[in-house]
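J.: Sending over a structure as structure tokens; questions will come in a sec.
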Amino acid sequence: MKKSSSILVLAEVREGRIHPVTYEMLAWGRKLAAQLQVSLDCAVLGAEAEEINELILRGADRVVSVSPGLVPEFLATPLASLLVQTIKEIGPAVVIAPATTYGRTLMPIAAARLATGLTADCTELGLDGKDNLLLQTRPAIGGNVMATIKTPFTRPQMATVRPRSIKPLPREEGRQGEIISKQYAVAPELWPEKFLSFTRDQSSDISLEDAEIVVAGGKGMRNKENFNLLEELAGLLGAGLGATRVAVEAGWAPFSRQIGLTGKTVAPKVYLGAGVAGKIQHLAGMITSDYIIAVNDDPSAPIFKVADLGIIGDAPTIVNKLTRALKEIQPAKGRKQSDGGM
Amino acid sequence: MNIIVLVKQVPGTTNVRMDPRTGVMVRDPSDTVLNPLDEHAIAEAVRIKESSPGSTVTALSMGPPSALKILREACARGVDNGLLLSHRAFGGSDTIATARVLAAAVRKLGAFDLILAGEKATDGETGQTGPMTATMLDVPVVTFVRRLTVKDYNTVNVQRLVEDGVEEIEVKLPALVTVVREINDPPLPTLRKTILAKKIDFPVWGVEDLGVKDTDIGLKGSPTRVARVFSPKFARNTTFYRTDSEAGAADAVSAVLEALRSRDLISKGE
Chain E
1 MKKSSSILVL AEVREGRIHP VTYEMLAWGR KLAAQLQVSL DCAVLGAEAE
51 EINELILRGA DRVVSVSPGL VPEFLATPLA SLLVQTIKEI GPAVVIAPAT
101 TYGRTLMPIA AARLATGLTA DCTELGLDGK DNLLLQTRPA IGGNVMATIK
151 TPFTRPQMAT VRPRSIKPLP REEGRQGEII SKQYAVAPEL WPEKFLSFTR
201 DQSSDISLED AEIVVAGGKG MRNKENFNLL EELAGLLGAG LGATRVAVEA
251 GWAPFSRQIG LTGKTVAPKV YLGAGVAGKI QHLAGMITSD YIIAVNDDPS
301 APIFKVADLG IIGDAPTIVN KLTRALKEIQ PAKGRKQSDG GM
Chain U
343 MNIIVLVKQV PGTTNVRMDP RTGVMVRDPS DTVLNPLDEH AIAEAVRIKE
393 SSPGSTVTAL SMGPPSALKI LREACARGVD NGLLLSHRAF GGSDTIATAR
443 VLAAAVRKLG AFDLILAGEK ATDGETGQTG PMTATMLDVP VVTFVRRLTV
493 KDYNTVNVQR LVEDGVEEIE VKLPALVTVV REINDPPLPT LRKTILAKKI
543 DFPVWGVEDL GVKDTDIGLK GSPTRVARVF SPKFARNTTF YRTDSEAGAA
593 DAVSAVLEAL RSRDLISKGE
């Protein structure tokens, strides 16, 4: 392989399968590669993945299969070592990985080894028209301002990118590309980590962060019984159920449902806040939602400042009415399953 | 065991307000707290210490002199020693430059068995400093850990929370582990330890103490640069519905259904 100024995407492999978030990363990569007129490379580390050709159909020009089968599990030390060797050999200008447990673990190790810059959890990537530097944009200070970061002096420019920040490119049947295999030696007996087991989360819950609709409840739901109405509504919609800190502290929902600065960040297509006042702690976790519906009996509630649709009224009452109306039009879960939930 | 906990002072979130025009969060600069996830890292370190006789826990932080406050809190929560890394030259450090400073301090402190850190801090939210520090110390790192079991003085078993489940990993010590909130329910600082912590005179190390090159730290040593900070547009054109009448409520419900329908999120309906 000759040194290039390519864009390199780190594929995420889980249990021998390419995780669909990789196709989103390829969509970002394609944009950058097209603008720079360079090759889009995709590295699959350690794993034997069935769908390697799919990476080409989804936008990669070249797939580098690195030591396939030698590091089948998610072990940071050997995988990061393969990533570093791959980067050193290919010499990409940019390396991007999904901001998942996988990417957020391997990329900092690689960046530290390579003494180069890494920007976490970007929501947008672009190029500076003047110097072709990667523009890495991410929410900062709890999501209330956006910061654009550059890595001007060192290479490669590395970024982890938030899942669902872009739509994956459609498969392009017959798209041509190159698949190369690269063998770097690994010495399992020297690895400081040993993989013992994986237990899949059995709950059928749709992950809050991945849900296309999020229904969240706050103080205005008044009690646990009313809050349970929201759960029913979320079930009908196939929505993720979220809560404000007040609702969590009241014991209406577990912390895993908390949206906001100290909880989760969601950016669904539609967010519905029922009895949510819209304190800054909560807003920071949902402000980038595409469409925001707020139900609150206080017309001066801050959430209305960020809402597209504002309903002034008693939250439990409106939730009830909405649930009844939905039951009429879609008695069972009518929503199509989203692909590749994380 | 010799345990080090990495802690960070972050802006508090209790007294924040939003500039209604720009959507920018306005904070009181004097309102700072111990990073919430660090409470869990500290509690875990103290728990391990209590079950492994002869252990010590040292809290290590890089920050302005005001960060002594969080070292005091760490001691009130059961940590034995604290060390602050503070120097003008550290200012403007990005994650990699910060990791260089932390790693230099850890090296100077001597042999350690385990470093614990919160998975991320609420201000930067990068989660990078922990893994980068481990890399510079050439020790393994396990991130997103929700349970830690000490097997013996050479190994720990950890459960790592991943998107679709839990992975169990055995890791040789010394190692660095970043923890998530699920790992424990941190007890509150005790009154006695809080009072004792007030009297502690924590050592403060600067550039000279660590022997780090000024080209490796601070803004000069940071490969990333903030090119621009801007406010995302928050103001939306809100359509309001009043629901004091039955008709008003019905209209509001229809508007919600239409919003969902137009985005293909519910069936088109009959």
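Just so you know, the protein sequences line up as chains E and U, in that order.
Under the numbering used here, think of the first position of the first sequence as 1, with each following residue one higher.
Under the numbering used here, think of the first position of the second sequence as 343, with each following residue one higher.
All C-beta atoms, glycine included, are put in the ideal place defined by N, C-alpha and C.
Helix, strand or coil for tyrosine 291 of chain E? Go by DSSP, reduced to three states.
T.: Residue state, collapsed to three classes: strand.
J.: Should aspartate 455 of chain U and isoleucine 345 of chain U be called a contact, given that it needs their Cβ atoms to be closer than 8 Å?
T.: For aspartate 455 of chain U and isoleucine 345 of chain U, yes; Cβs fall inside 8 Å.
J.: What does tyrosine 291 of chain E reach in chain U if we use C-beta pairs closer than 8 Å?
T.: Simply Ala601, Arg605.
J.: In chain order, what residues of the same chain lie with their CB nearer than 6 Å to the CB of leucine 10 of chain E, ignoring the 5 residues before and after it?
T.: Within the same chain, leucine 10 of chain E has close Cβ partners Ala43, Ala97.
J.: Would you say serine 372 of chain U lies against chain E (beta-carbon separation less than 8 Å)?
T.: By this cut-off, serine 372 of chain U is not an interface position.
J.: Using a Cβ cut-off of 8 Å (strictly closer), state whether leucine 261 of chain E contacts chain U.
T.: Interface residue, yes.
J.: Roughly how many angstroms lie between the CA atoms of valine 270 of chain E and valine 375 of chain U, to the nearest whole one?
T.: Rounded to whole angstroms, valine 270 of chain E to valine 375 of chain U spans 33 Å at the Cα level.
J.: Can you tell me whether methionine 286 of chain E is helix, strand or coil according to DSSP?
T.: Here methionine 286 of chain E sits in coil by DSSP.
J.: From the DSSP output, which residues share a beta bridge with leucine 515 of chain U?
T.: None; leucine 515 of chain U has no bridge partner.
J.: Per DSSP, what kind of secondary structure is asparagine 499 of chain U in: helix, strand or coil?
T.: Three-state result, asparagine 499 of chain U: strand.
J.: Going along chain U in order, which residues have a C-beta closer than 7 Å to the C-beta of glutamate 212 of chain E?
T.: Correct list: Leu607.
J.: Work out the CA separation of glutamate 48 of chain E and glycine 69 of chain E for me, nearest whole Å.
T.: For glycine 69 of chain E and glutamate 48 of chain E, the distance between alpha carbons rounds to 5 Å.
J.: Between which two residues does the beta strand (DSSP E) containing glycine 613 of chain U stretch?
T.: An answer regarding residue 613 of chain U cannot be provided, because it is not within the stretch 343 to 612 covered by chain U.
J.: So, helix, strand or coil for lysine 493 of chain U, using DSSP?
T.: The answer is strand: DSSP assigns lysine 493 of chain U an E or B state.
J.: So which of E:Ser165, E:Lys88, E:Ala140 has the shortest CA-CA distance to glycine 126 of chain E?
T.: Here the closest residue by C-alpha is E:Ser165.
J.: With a threshold of 16 other CB atoms inside 10 Å of the CB of glutamate 588 of chain U, please say whether the residue is buried or exposed.
T.: With fewer than 16 Cβ atoms within 10 Å of its Cβ, glutamate 588 of chain U is classed as exposed.
J.: Taking contact to mean at least 3 C-beta pairs separated by less than 8 Å, is the segment 428-447 of chain U in contact with the segment 560-574 of chain U?
T.: Yes, since at least three Cβ pairs between the segment 428-447 of chain U and the segment 560-574 of chain U fall closer than 8 Å, the two stretches touch.
J.: Exposed or buried, what is alanine 453 of chain U when buried is set at 16 or more other beta-carbons lying within 10 Å of its beta-carbon?
T.: By the 10 Å Cβ count, alanine 453 of chain U comes out exposed.
J.: Strictly under 8 Å for the Cβ-Cβ distance: is arginine 175 of chain E near chain U by that measure?
T.: So no, arginine 175 of chain E is outside the interface.
J.: Closer than 6 Å by C-beta to arginine 419 of chain U: which residues in its own chain qualify, once you throw out the five before and the five after it? Chain order, please.
T.: Excluding sequence neighbours, arginine 419 of chain U sits near Ile384, Pro531.
J.: Excluding the 5 residues flanking serine 393 of chain U on each side, which residues of the same chain have their C-beta closer than 8 Å to its C-beta?
T.: Cβ neighbours of serine 393 of chain U beyond the five flanking positions: Val492.
J.: Excluding five sequence neighbours on each side, which residues of the same chain lie with their C-beta closer than 7 Å to the C-beta of leucine 503 of chain U?
T.: Correct list, in chain order: Phe486, Arg488, Val522, Glu524.
J.: Rounded to whole angstroms, what's the CA-CA distance from arginine 155 of chain E to aspartate 61 of chain E? Just pull it up for me.
T.: For arginine 155 of chain E and aspartate 61 of chain E, the distance between alpha carbons rounds to 21 Å.
J.: What does the Cβ neighbour count give for alanine 187 of chain E, buried or exposed, with the cut at 16 atoms within 10 Å?
T.: With fewer than 16 other Cβ atoms within 10 Å, it is exposed.
J.: For a test of the three-state rule: what should DSSP assign to leucine 326 of chain E, helix, strand or coil?
T.: Looking at leucine 326 of chain E - three-state DSSP - the assignment turns out to be helix.
J.: Helix, strand or coil, according to DSSP, for alanine 60 of chain E in the structure here?
T.: Alanine 60 of chain E falls in the coil class under three-state DSSP.
J.: Whole-angstrom Cβ separation of glycine 285 of chain E and leucine 261 of chain E, contact assumed at under 8 Å?
T.: Right, their Cβ atoms sit about 7 Å apart.
J.: Do the CB positions of glutamate 510 of chain U and asparagine 526 of chain U come within less than 8 Å of each other?
T.: Going by C-beta atoms, glutamate 510 of chain U is not nearer than 8 Å to asparagine 526 of chain U.
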